[in-house]
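Please read the structure below before turning to the comments.
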Amino acid sequence: MIEVVDVVKTFTVRRRAGRVRRVRTEAAAVEGVSFTVGRGEFVGLLGPNGAGKSTTIKMLTGILTPTSGTVRVCGLDPAHRRTALARRTGVVFGQRTTLWWDLPLRDSLALVRRLYRVEAAAHRARLAELTALLELGPFLDTPVRQLSLGQRMRGDLAAALLHAPELLVLDEPTIGLDVVSKATVRGFLERLNAERGTTILLTTHDLGDIERLCPRVMIIDRGRLAYDGGLERLRAEAGGDRVLVVELARPGPPVRVPGVTVDRVEGPRQWLRLPRSANAAQVVAALAGGHEVRDIALREPGIEEVVARLYRGEREYRPGAPAQRPAAAE
Amino acid sequence: MADRPFDAVRVYALLAWTWIRAAAQYPVSLALLTLGTAVVTSLDAAAIVVLFGHAPRIAGFTAPEVLFLYGTSSLSFAVSDLLVGTTELLGRHIREGSLDAMLVRPVSPLIQIATEDFSVRRLGKLVPAGLVLGYALPRLDTAWTAGRVVLVPVLVLAGVAIFGGIWVLAGAVQFVLIDGAGATKSLTYGGAYLTQYPLTMFARDLVRGVTFVVPLAFVNWMPALYVLDRPDPLGLPGAARFASPAVAVLTCGAAALAWRAGLRRYRSTGS
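Those protein sequences? They're chains A and B, same order as listed.
Numbering follows the UniProt record's numbering, in which position 261 of the first sequence is assigned residue number 261; successive positions increment by one, without gaps.
Numbering follows the UniProt record's numbering, in which position 160 of the second sequence is assigned residue number 160; successive positions increment by one, without gaps.
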């Protein structure tokens, strides 16, 4: 569905150097990224601001032309066949709408039908389906400018899917949405991928999107693919520690278990940090041997923490911290 | 670019109609703006009439002749402005990132920008030009051969194409100079102003420069000389009088190439 080989995108940046003189420098937004996405996959693209996520997405949709390397989407070269590709892909920008501001949502969607030349019958069926799934009914006749962000986002999703694209590309689809709207959008995307087999690629800063939706994660950092794989492997490789929360019968000094450090003590509760290598069952057994344990909970590292570690490791923000780089897929 | 020329026209009409409907949501503002446009452009025409009340001849041209020049060029300009004038907003679309949204639709961004905010108000610009031309044509002291009659619409249409090409070129330039809306305006509106008066009013060097550098003079000066049965003060070969369709084709070709090159080097904004 998507094939990206050694793609580089550099921008020429002109900077003032003196009163009139300008210095041209080449800045690389993407430096040699390669990956493939198969039909029916659901992939999340993560990365700090300015890492090259958006640039990558824009090259996939033909908005930007790569400086070098090859891009194939649905078997087409996006930069040369942008219009043909647009008929087979849906694109949603979370930050800006593609709908017509002053038209009621229904008219915007009707216009989309004409632009994409969707058969009237197919359009009706699809509109009815999308209206039900995205709960568009109550605001179909409201001008787009009067919609809330969540409603507008659902309208944009409907507009991007009316022509039944094979590939859906979403740039920060849940940005700024409230909890309920986020849940609706996520649930919808999940069904779209599972039931229709639509390939979905999304960028996000919301790690909840990734945890809930994406079996596969790609992390782009400073123009390079820093990670490509499953969420579990990311957790394991980025080396997030698990935390064992134990509630003892009575408050006491930090427990002593080999290989385990106590992060925090709050009355009878203690937070034990378990390295990846530690066996949780053995730790629990060792604890139960010496203490009266009331309750126990094991917490996997949050994806936020995993990703923060990865960014930090890459960027060496903390000189003292070990640079834990996962196997880079470069 | 759209798949076929016919398709481009269909999509243009569709989008223009959509914008007209959107504007119709605010009927009072629509009526006022249409009136405003008509008044402002009519004042322009009135200024020419007043000028001739005091000077029956300007640079050897009679009032109907000048009004003919004014009418044809302002009609060409008004039609091209109506059709593609909003391409000068490209810079804003680039800065705001809304061009990205246009690029993911299966429709040429040129058509999307040209139809942007399309409103019946734009038709207001056509009215004064049409009135002036309607006044001047029957008063021209010229022998109306078949060739001269045909040349008038050809002259207007070629003018539309040349101005349209310049609009698009000016838009394409903005791909490079992102904040260039001001610079390109002097090329389009300035040019329109220049062709509304007989070129001999301006210095000879300027006339020469304008004839060769910016093909605006072809908009109506060269063919108008033929319609008005006048000798060319520059002494260009007689064929130059019929060159405006060729210039129109060249301008549009250059505009299309520049637009494509601009899109290719478009760099988008960070989102």
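Even glycine gets a Cβ: it sits at the ideal position worked out from N, Cα and C.
Computed from a predicted structure; not experimentally measured.
Coil, strand or helix - residue i by DSSP
i               : result
M218 of chain A : strand
L136 of chain A : coil
D100 of chain B : helix
V4 of chain A   : strand
L60 of chain A  : helix
L140 of chain B : coil
E129 of chain A : helix
G47 of chain A  : coil
T98 of chain A  : coil
V243 of chain A : strand
F118 of chain B : coil
S80 of chain B  : helix
R105 of chain B : coil
Y135 of chain B : helix
P153 of chain B : helix
Q174 of chain B : helix
P27 of chain B  : helix
E232 of chain A : helix
S277 of chain A : coil
Contacts of residue i in chain B (Cβ-Cβ under 9 Å)
i              : result
G62 of chain A : L103, V104
R87 of chain A : P106
Counterpart residues of residue i in DSSP-defined beta bridges
i               : result
Y227 of chain A : A:I219
T199 of chain A : A:L167
V30 of chain A  : A:K9
G252 of chain A : DSSP, once it has assigned bridges, lists no residue as partnering G252 of chain A.
L76 of chain A  : A:V73
R39 of chain A  : Answer is none; R39 of chain A lacks a bridge partner.
Interface residues of chain C facing residue i [CB-CB closer than 7 Å]
i               : result
R106 of chain A : Among the protein chains in the structure shown, which are A and B, there is no chain C.
Host alpha helix (DSSP H) of residue i (start-end)
i                      : result
V144 of chain A        : Where V144 of chain A is concerned, there is no enclosing alpha helix (DSSP H), given that its DSSP letter is neither H nor E.
L109 of chain A        : 105 to 116
E211 of chain A        : 207 to 213
E190 of chain A        : 179 to 191
L250 of chain B        : 244 to 264
P223 of chain B        : 221 to 227
R82 of chain A         : 82 to 86
G85 of chain B         : Run containing G85 of chain B: none; DSSP gives neither H nor E here.
G289 of chain A        : 280 to 290
residue 277 of chain B : With chain B running from 1 to 271 in the structure shown, residue 277 of chain B is simply not present.
Contacts around residue i, its chain only, beta-carbon distance under 6 Å, and the 5 residues preceding and following it disregarded
i                      : result
T131 of chain A        : G137
I2 of chain A          : V37, V73
V176 of chain B        : none
residue 293 of chain B : In the structure as shown, chain B begins at 1 and stops at 271. Residue 293 of chain B is therefore absent and cannot be evaluated.
R82 of chain A         : G62
Same chain, Cβ closer than 8 Å to residue i, five either side skipped, listed in chain order
i               : result
V120 of chain B : I20, A23, L30, T34
L162 of chain A : L109, V112, R113, Y116, V118, H123, R126, L127, L130
A51 of chain A  : I220, D221, R222, G223
V243 of chain A : D263, W271, L272, R273, L274, L298, R299, P301
Chain-order list of residues whose beta-carbon lies under 7 Å from that of residue i (same chain, five-residue window excluded)
i               : result
D156 of chain A : V92, T97, T98, L99
P136 of chain B : Residue identity check: residue 136 of chain B is Ala in the sequence provided, not Pro. Excluding sequence neighbours, A136 of chain B sits near P64, L67, F68, G71.
G47 of chain A  : K53, I219, I220, D221
D209 of chain A : G44, T174, R186, L202
V71 of chain A  : V4, V7, M59, L60, D77, P78
F35 of chain A  : V4, M218, L225, D228
Beta strand (DSSP E) segment containing residue i, residue limits
i               : result
S68 of chain A  : 68 to 73
E266 of chain A : 261 to 266
R294 of chain A : 293 to 299
V92 of chain A  : 89 to 93
L274 of chain A : 269 to 274
Chain B residues whose Cβ lies nearer than 7 Å to that of residue i
i                      : result
residue 361 of chain A : Shown here, chain A extends from 1 to 330; a query on residue 361 of chain A therefore has no answer.
T65 of chain A         : R264
R82 of chain A         : L103
Residue i: contacting residues in chain A (beta-carbon distance under 8 Å)
i              : result
Q25 of chain B : D102, P143
S98 of chain B : R96
L14 of chain B : L111, R114, L115
Contact set between residue i and chain A, taken where Cβ atoms lie within less than 7 Å
i               : result
E107 of chain B : A small correction: the amino acid at residue 107 of chain B is Val; Glu does not occupy that position in the sequence shown. Residues of chain A passing the Cβ test: L115.
T18 of chain B  : W100, L103, L111
Under 9 Å from the C-beta of residue i: neighbouring residues of chain A
i               : result
R260 of chain B : Neighbours of R260 of chain B on chain A: none; closest Cβ ~11 Å, over 9 Å.
A22 of chain B  : W100, W101, D102, L103, D107, P143
V11 of chain B  : R114, L115
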